[in-house]
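So the structure is just underneath, and the comments pick up after that.
Residue numbers (the numbering used here), protein chains in the order written: chain G, 2 to 151; chain A, 2 to 151.
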């Protein structure tokens, strides 16, 4: 398993994974060609300092898992930088292997190297399995995650 | 009340607000001179595209409230950009006025203008009052906020 930043050619595989999910199915549009919004978002991620879309690929360079990691400098906690994780997915046929854990370990180490003092994420309350996965990695459910759809 | 991006001279007032809080008191160091880490973080915020430290100031340009708003492009939800809010504080003698609400309305509008499809934040479970404040603004407590201290 290799971990690297995503390239544009990975985008269909990433969107397919995002869509292949109970909640994601209603939120994504996986089609050929992909809606332009995905490529625009990919370019925006590449253009923003400290924003990384990370994929795990197998020996044939097939995308097996993904997450987005954003480094955010802030004033709070004595000017502590934090890492934010979003959009975590493991390919359906690979769930239950340890790819998710290894991808997270890679991302956490990347955050540490970038000088982050904490890593944070929010997980939908409709995903109890994800919740316990993150707790095993050492995350603490200390906060409530609130969203306002615009 | 005027809302604007913070300048370096606002930093002591911002750190004072962050520290003047039950949880913040243990996390911040408000001293004269301020620890360098705060100025470094301020410069990092200014340098990162889409990262804004916003203050509410009164007619004498005194800082009354602050929050940090970060725009984060992402692949999920059809390439939706999101706004992340962190480090929210209202000066102690002004709490219970509507400054917090107005600052949030300003930030939400800024996120909308920047093309965000949602605004998100996490609130410590030890702050029940904050929780209901955010719900009044329309935020939904749909997620669990998880943190891993590095």
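Note that the Cβ used here is the ideal one computed from N, Cα and C, for glycine as well.
Asked	Found
Within-7 Å CB hit, residue 120/A to chain G	yes
Runs of alpha helix (DSSP H) lying entirely within the region 47 to 110 of chain G, each at least 4 residues, in chain order	77 to 80
Residue 1/G at chain A interface by Cβ criterion, 7 Å	Since the displayed chain G opens at 2 and closes at 151, residue 1/G lies outside it and no answer follows.
Segment contact flag, the region 39 to 50 of chain G with the region 71 to 78 of chain A, C-beta cutoff 8 Å, min 3 pairs	yes
Three-state secondary structure assigned by DSSP to residue 146/A	strand
CA nearest to the CA of residue 64/G, picked from 9/G, 150/G, 142/G	9/G
Short CB-CB distance (under 7 Å) between residue 151/G and chain A	yes
Classification of residue 35/A by the beta-carbon crowding that lies within 10 angstroms, buried from 16 upward	buried
Given residue 122/A as reference, the closest of 131/A, 79/A, 116/A once Cα atoms are compared	131/A
Contact list for residue 16/A against chain G, beta-carbon separation under 8 Å	76
Chain-ordered neighbours of residue 158/G on chain A, where CB pairs are closer than 9 Å	Residue 158/G falls outside the range modelled here, since chain G spans only 2 to 151, and no answer is possible.
Span separating the alpha-carbon of residue 23/G from that of residue 141/G	25 Å
Residue 141/G at chain A interface by Cβ criterion, 7 Å	yes
Cutoff 7 Å: residue 55/A Cβ touching any chain G Cβ	no
Three-state class that DSSP yields for residue 15/G in the structure shown	helix
Coil, strand or helix - residue 113/G by DSSP	helix
Chain-order list of residues whose beta-carbon lies under 7 Å from that of residue 6/G (same chain, five-residue window excluded)	53, 54, 55
Nearest-angstrom beta carbon gap, residue 137/A and residue 145/G [assumed within contact, 8 Å]	About 15 Å; that fails the 8 Å criterion.
Per-residue DSSP class, three states only, for residue 9/G	helix
Closer than 7 Å to chain A by CB, residue 123/G	yes
Cβ-based neighbour list, residue 13/A, same chain, cut-off 7 Å, excluding 5 preceding and 5 following	35
Local conformation of residue 30/A per DSSP, three classes	coil
Same chain, Cβ closer than 8 Å to residue 2/G, neighbours up to 5 away in sequence not counted	57, 58, 59, 65, 100, 103
8 Å contact criterion, which residue 149/A and residue 85/G should meet: CB distance rounded	That pair is no contact at about 12 Å.
Beta-carbon spacing of residue 151/A, residue 118/G below 7 Å	yes
Under 7 Å between C-beta atoms of residue 18/G and residue 92/G	yes
Beta-carbon proximity of residue 1/A to residue 69/A, cut-off 7 Å	What is shown of chain A runs 2 to 151, which leaves residue 1/A out entirely.
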